[in-house]
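As given, the protein sequences belong to chains A and B, one line each in that order. To convert, count from 1 in the first sequence and add 55; that's my numbering. To convert, count from 1 in the second sequence and add 23; that's my numbering. No residue lacks a Cβ here, since even glycine has one placed at the ideal position from N, Cα and C. To start, the structure itself, in structure tokens.
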Amino acid sequence: GAVVSQHPSWVICKSGTSVKIECRSLDFQATTMFWYRQFPKQSLMLMATSNEGSKATYEQGVEKDKFLINHASLTLSTLTVTSAHPEDSSFYICSARKAGIGTEAFFGQGTRLTVV
Amino acid sequence: QQQVKQSPQSLIVQKGGISIINCAYENTAFDYFPWYQQFPGKGPALLIAIRPDVSEKKEGRFTISFNKSAKQFSLHIMDSQPGDSATYFCAASRSRGADGLTFGKGTHLIIQP
């Protein structure tokens, strides 16, 4: 159990367009979802934390108007990269956490975004 | 400010040997310390995690050693196998994992047959 699925696995888009990435918890309800960004051969950096039904909390330096996060249900969160530019090209990874104290978060397989 | 420092950046170990990766943290509010394994193009997978009320935790070939006073923790992989070749990340968070994770920079581990 505890499977987190991201869609798409990879996407190529033109500069100036918007891209939506979905993160689903397939077999559990996720009260909290996290979005991370990973550049090639680098570490994961937390972008934002979203709780179901609430506005996302963004980390310092992350533009909330550029990276729109929606967590409308207990099994789905979406990240929309608006007006994408080549520097937004990266590996975006979500994780989902079950309700309860001390529970671990499970990661999706990631989405490779390339902006051309 | 890097809150979790990880070393070494890369590591080569012979098959059957012990792989040791170290991490140090700065934020004393951290109370959850997981280790993740990541293969190229994939999301990270949890290996083992520890909380600061214990000094060691073992699961199969993986052991975490935790030194609260030194603010350090390490991963030991016993009997390392070629299939263990991957990138390993240590991480830390507050609120017993309820907050997002702060990751170390990663260690690229190669197990030579």
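Out of A/Glu-107, A/Met-100, A/Thr-72 and A/Val-74, point me to the one whose CA is closest to A/Ser-128's CA. A/Glu-107
Residues that B/His-99 bridges to, as DSSP identifies them: B/Ile-43 and B/Thr-86
Using a Cβ-based criterion (distance less than 7 Å to any ligand heavy atom), does A/Ser-150 qualify as near the ligand SAM? Questions concerning the ligand SAM fall outside what the structure shown contains, since it holds no ligand whatsoever.
8 Å Cβ cutoff, A/Ile-67 in contact with chain B: no
Which same chain residues end up closer than 7 Å to A/Lys-119 when comparing Cβ atoms and leaving out the 5 residues on each side of it in sequence? Tyr-113
Which one of B/Gly-64, B/Gly-127 and B/His-131 has the shortest CA to CA distance from B/Phe-56? B/Gly-127
By the three-class DSSP mapping on this structure, what secondary structure does A/Ser-70 have? Coil, per DSSP.
Tell me the DSSP bridge mates of A/Ala-103? A/Ala-103 is bridged by DSSP to A/Trp-90 and A/Tyr-113.
Can you name the start and end residues of the beta strand (DSSP E) that A/Lys-119 belongs to? It is not in any beta strand (DSSP E) - A/Lys-119 carries neither H nor E in the DSSP assignment.
Please report the straight-line C-alpha distance between B/Ala-114 and A/Ser-150, rounded to a whole angstrom. Cα atoms of B/Ala-114 and A/Ser-150: separation of roughly 14 Å, rounded to the nearest angstrom.
If we cut at 8 Å on Cβ distances, does A/Ser-163 have a partner in chain B? The sequence shown places Gly at residue 163 of chain A, rather than the Ser named in the question. Judged by the 8 Å Cβ criterion, A/Gly-163 is in contact with chain B.
Which residues of chain B have a Cβ atom closer than 7 Å to the Cβ of A/Ser-98, listed in chain order? Phe-112, Phe-126, Gly-127, Lys-128 and Gly-129
In chain A, which residues lie with their C-beta within 7 Å of the C-beta of B/Leu-69? Glu-159
Determine, for A/Phe-94, whether the minimum Cβ-Cβ distance to residues of chain B falls below 8 Å. Cβ-Cβ to chain B under 8 Å: no for A/Phe-94.
Indicate whether B/Ile-41 and B/His-99 have their beta-carbon atoms separated by less than 8 Å. A contact, by the Cβ cut-off of 8 Å.
Give the residues of chain A in contact with B/Lys-65, contact being defined as C-beta atoms less than 7 Å apart. Gln-164 and Gly-165
Hey, how far is the Cα of B/Lys-94 from the Cα of B/Gln-60? The straight-line gap from Cα to Cα measures roughly 22 Å.
Comparing C-alpha positions only, which one of A/Ala-103, A/Ser-73, A/Tyr-91 and A/Thr-72 sits nearest to A/Gln-164? A/Tyr-91
C-beta neighbour in chain B for A/Ile-148, strict 8 Å: yes
By Cβ distance below 6 Å, which residues in the same chain neighbour A/Glu-77 in space, the five residues on each side in sequence not counted? His-62 and Thr-133
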